[in-house]
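J.: Numbering (this note's numbering), first residue to last: -4 to 68. All C-beta atoms in this analysis are idealised placements derived from N, C-alpha and C, irrespective of residue type, glycine included. Model, not experiment: these values are computed from the prediction.
#1: What are the start and end residues of the alpha helix (DSSP H) that includes residue 7?
#2: Sort out for me which residues DSSP pairs residue 23 with in a bridge.
#3: Out of curiosity, what's the CA-to-CA distance linking residue 65 and residue 50?
#4: Can you tell me where the alpha helix (DSSP H) with residue 56 in it begins and where it stops?
Below you can see the structure in the form of structure tokens.
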């Protein structure tokens, strides 16, 4: 596999927007600090978003290892 092959494969991967980032923005107050009341009201949703992010990280790490093996001479 060449770097061009890898770039072609990666260009076909759809964008993934993690809920955790959107929720982090939603939990900021007007001054930019975290709003603890908002965070407390979204505990269940934050747990789900954290689980989603963890699963995404695990998948990316597996893919990274697989690509590293493919690119070894």
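T.: From the atom records:
#1: Counting from one through the chain shown, the residue named residue 7 turns up at place 12. For residue 7, no alpha helix (DSSP H) encloses it, and the DSSP letter there is neither H nor E.
#2: For the purposes of this step, residue 23 is taken as residue 28 along the chain shown, with counting starting at 1. Under the DSSP definition of a beta bridge, residue 23 partners with 29.
#3: As a working note, residue 65 is residue 70 in the chain shown. As a working note, residue 50 is residue 55 in the chain shown. When rounded, the distance between both Cα atoms is 23 Å.
#4: For the purposes of this step, residue 56 is taken as residue 61 along the chain shown, with counting starting at 1. Run containing residue 56: 38 to 66, per the alpha helix (DSSP H) assignment.
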